[in-house]
Each structure stands twice: as C-alpha cells, then as structure tokens.
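> Dropping the structure in here first, questions after.
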Ligand SMILES: [Zn+2]
C-alpha cells in the first residue's frame, strides 16, 4: 500500500507567516521576519540560518550554496611524471571550504561551480538579506556531491592517475547566498 501524499501548509515557526513553498524547495527566508527556514525530513519546518554574502547585487537573485569545511585524507598514486601527487598532497594538507550548489542546476554547472570555488574560495562575510534562487538541495545531499568533487579535482590534474582512495571529513553545512 502506498502512502497518500500529505500536503501541509507551511508556516514560519517564528511569526506564523505562510511559506509559499514550491515542489522540490527545501529552504526559505520568511517574507515577514526574514528567519531562515529549512524543511527537515523528520522535524518538518525548522529554523536554519541563511548567510548572505556581503555586497550581493540587488537586480539578480543570489545563488544558494551549502558550505562546509572539509578535510580530505588521500592515498593517490599516479605514474608521477609531473609530480602531481605532491601537488595534490599540498592542496589537501589543510581543511578547505567546500561549496555545493543548492539551486536547480545541471550536473556540468554544479561541478564547474563547485570546483572553481573549492580551488579559489571567496572570503565569506555576512551582509544584509537579498533575494535568492530557490533552494532545492537538502543539506544531507552535500556529502556525496562533495565526494564526487574531490574525484573531479584529482582527475583534472591530468597525470595518468592510477589509484585514488580518500576519506572526506565534512563539517556541518551552512547555507550561504553568493553572487
Ligand atoms: Zn517569519
């Protein structure tokens, strides 16, 4: 027996304003009190801070990203023609912020944006709220995507990679709106 789909009107737990939720959306800023809201699979609608990067343009909706510090520990072996193994070890020697697109984008756009921001992370600084594109990726989806991004970064070193084993220790995802 399949369960009937229950449509529940979502209301801001802070001020009671209805949340105009569209299918697939998982996070919002309350239109009235600006509280950040996340649809949790178990707990329903919960408060979840939304960070707005300083200096967002007003005419264009910002892009939502899940952002978390990640520490990669890896065992990488290539034919080592270009010493990319040590380049890789240096790159992953420190914790790095991972940025995973949370709006509805195709896989190429997602990978390109995530790799660009991993390699050249912006300095994050809280600014005032601004409009942003609908958030459709729940934070629980961040880890498998971040794993995939690590593989992508290592493949881009173009050095006849023979073996790549790694673990990614990812911190708690924060929702950031970037230009
Ligand atoms: Zn509210």
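Numbering (this note's numbering), first residue to last: 598 to 776.
We put the CB at the ideal spot given by N, CA and C, even for glycine.
Just so it is clear, the structure is predicted and the values come from calculations on it, not from any experiment.
For residue 667 versus residue 767, is the C-beta distance shorter than 7 Å?
In this structure, residue 767 lies closer than 7 Å to residue 667 by Cβ.
> Taking the beta carbon of residue 676 as the centre, do at least 16 other beta carbons fall within 10 Å, making it buried, or is it exposed?
By the 10 Å Cβ count, residue 676 comes out exposed.
> Once the 5 residues before and after residue 723 are set aside, which same chain residues still bring their CB inside 6 Å of it?
Same-chain partners within the cutoff: 648.
> How is the beta strand (DSSP E) around residue 759 delimited, first residue to last?
Segment 758–767, the beta strand (DSSP E) holding residue 759.
> Less than 8 Å between C-beta atoms, sequence neighbours within five positions excluded: which residues of the same chain meet that for residue 621?
Here the set comprises 701, 731, 733.
> Is the beta carbon of residue 697 less than 7 Å from the beta carbon of residue 739?
For residue 697 and residue 739, yes; Cβs fall inside 7 Å.
> Does DSSP put residue 752 in a helix, a strand or coil?
It is helical.
> Three-state secondary structure (DSSP) at residue 669?
Of the three classes helix, strand and coil, the one that applies to residue 669 here is strand, per DSSP.
> Cutting at 6 Å between CB atoms, please list the residues of its own chain near residue 728, excluding the five before and the five after it.
658.
> Just how far apart, CA to CA, sit residue 672 and residue 662?
If you take the alpha carbons of residue 672 and residue 662, they lie about 28 Å apart.
> Measuring only the C-alpha atoms, how far is residue 776 from residue 678?
Between residue 776 and residue 678, the C-alpha separation is close to 39 Å.
> In or out: residue 660 buried (at least 16 other Cβ within 10 Å) or exposed?
Residue 660 comes out buried.
> Figure out for me which residue from 692, 749, 687 has the closest Cα to the Cα of residue 711.
Selected option, being the one with the closest Cα: 749.
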